[in-house]
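Convert by adding 582 to the 1-based position in the sequence shown; the result is the number in our numbering.
One structure is given below, encoded as structure tokens.
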Amino acid sequence: MKAVYEYMRCNLLHINIKKCCYIHFTPPGFKKDENMFVDYVITLNNIAIKRVNEAKFLGVIIDRDLNWKPHLSYLTTKLKCEVGKLCRMRRFIPKELYNDLYHTLFESHLAYGISVWGALSNNRLDKIFKTQKKCIRILFGDQEAYSDKFKTCVRARPVELQKLGPEFYAREKSKPLFNDLSILTVHNLYKYHCLLEMFKIVKLHTPIPIFELLRKSHRRGSYFITPPPTSLFVYQACSLWNQCLKPTSKIDFSSSIAALKSRLKTMLMICQKSGVPDEWCEINFCKSNCTL
């Protein structure tokens with residue numbers, strides 16, 4: 583820390599100590615004892631830096647357990663606010679611009695930093711997925727058919743339909759809307775950005791620290807040696823790439839980035855459309871069901 587302070591001082595740079603903090607990361611299964619770090623103090627220019635359990639860095643909330651619970655909670659709240667904005671403004675904007683609105687105001691927040699925090703189970707991504715489906719229904723769903731049910735007087739309906747059951751309150755199926763508009767779910771959006779970023783890192787050799795962590799196989803040139811299983815980007819990217827790459831694949835690191843983007847979107851949409859047309863199933867989000 584002394585060397586950092588000297589470097590900043592020599593280059594006429596200023597560190598705002600009030601905004602500085604540090605996190606002590608703990609491995610999974612580690613017994614957390616708050617008293618362990620009571621006497622452990624990090625100082626900069628003889629000023630103590632506060633220790634925190636979570637901190638926002640470049641728009642992503644990092645917690646000491648790296649389970650991304652604080653970030654998921656923050657992102658869910660943020661996305662719900664965007665859904666509210668879209669719901670209010672959709673009446674004053676032509677329907678031809680709805681797709682642009684979705685990508686600008688909703689998916690931009692959803693996809694930000696997703697390659698860092700997106701390697702979570704489907705169960706933990708469920709809240710975000712529900713918010714995404716709600717946004718799709720509001721923008722692209724059949725609102726007239728949904729609201730017409732509540733405008734009709736009960737007495738005007740046939741006798742057998744006067745008693746309102748689950749079918750009356752059932753929401754519109756979201757899978758056909760996603761597929762008709764070629765919109766990726768949050769699960770497939772993670773795969774898209776994870777594979778695309780890894781391809782750019784290997785092709786452009788930047789950033790160097792991450793590039794050096796990606797080790798190619800000597801026997802199979804387009805494949806990678808996967809590190810020990812974790813939820814971190816390096817393992818997830820290598821594992822995804824090895825599962826998606828087949829001997830018949832036409833994509834390798836000599837391909838252009840535009841060609842990979844097109845192939846990735848096509849591959850993920852085929853995976854997303856598989857199974858029952860109206861119902862989401864595990865195969866729509868399965869990693870092994872994708873082929874480059």
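The C-beta atom is built at its ideal place from N, Cα and C for all residues, glycine as well.
| query | result |
| --- | --- |
| Taking the CB atoms as reference points, tell me whether Glu664 and Phe639 lie closer together than 8 angstroms. | no |
| Span of the alpha helix (DSSP H) holding Val665? | Lys651 to Met671 |
| Within its chain, find whatever has a CB closer than 8 angstroms to the CB of Arg719; leave out the 5 residues flanking it on each side and keep chain order. | Arg753, Glu754, Ser756 and Leu759 |
| Terminal residues of the continuous beta strand (DSSP E) containing Lys869? | Unbroken run through Lys869: none, as it is neither H nor E. |
| Report the partner residues of Thr625 according to the DSSP bridge assignment. | Ala630 |
| Check for me: the beta strand (DSSP E) holding Lys716 runs from which residue to which? | Careful: Lys716 lies outside any beta strand (DSSP E), inside the alpha helix (DSSP H) at Asp708 to Phe722. |
| Am I right that Asn895 and Phe867 are in contact with their C-beta atoms under 8 angstroms? What's the rounded C-beta distance? | Any question about residue 895 goes unanswered here, given that the chain covers just 583 to 874. |
| For Val642, write down the residues that DSSP places opposite it in a beta bridge. | Phe639 |
| Measure from the alpha carbon of Pro810 to the alpha carbon of each residue in Gly695, Glu678, Leu661 and Leu796, then state which is nearest. | Leu796 |
| Per DSSP, what kind of secondary structure is Arg755 in: helix, strand or coil? | Looking at the sequence shown, residue 755 is not Arg but Lys. It is coil, neither helix nor strand. |
| Does the beta-carbon of Tyr589 have 16 or more other beta-carbons within 10 angstroms, so that it is buried, or is it exposed? | exposed |
| How many angstroms separate the CA atom of Leu842 from the CA atom of Pro748? | 44 angstroms |
| Is the region 661-675 in contact with the region 827-837, if contact means three or more CB pairs nearer than 8 angstroms? | no |
| Give every residue of the same chain whose Cβ lies closer than 8 angstroms to the Cβ of Val698, excluding the five residues on either side of it in the sequence, and list them in chain order. | Val642 and Phe815 |
| Take every Cβ of the region 650-658, pair it with every Cβ of the region 589-609, and state whether three or more of those distances are shorter than 8 angstroms. | no |
| Going by Cα to Cα distance, which pick from Lys632, Phe711 and Asn649 is closest to Asn770? | Phe711 |
| Would you decide whether Tyr751 is buried or exposed? Buried here means 16 or more other CB atoms lie within 10 Å of its CB. | exposed |
| Looking at the unbroken alpha helix (DSSP H) that takes in Asn824, where does it start and where does it end? | Phe815 to Cys826 |
| For Glu636, collect the residues of the same chain with a Cβ closer than 6 angstroms to its Cβ; drop the 5 residues on either side in sequence, then sort them by chain order. | Ile643, Asp645 and Pro652 |
| Bridge partners of Cys602, per DSSP? | None; Cys602 has no bridge partner. |
| Identify whether Phe688 lies in helix, strand or coil by the three-state DSSP scheme. | helix |
| Applying the criterion that 16 or more other CB atoms from any shown protein chain within 10 Å of the CB defines a buried residue, is Gln725 buried or exposed? | exposed |
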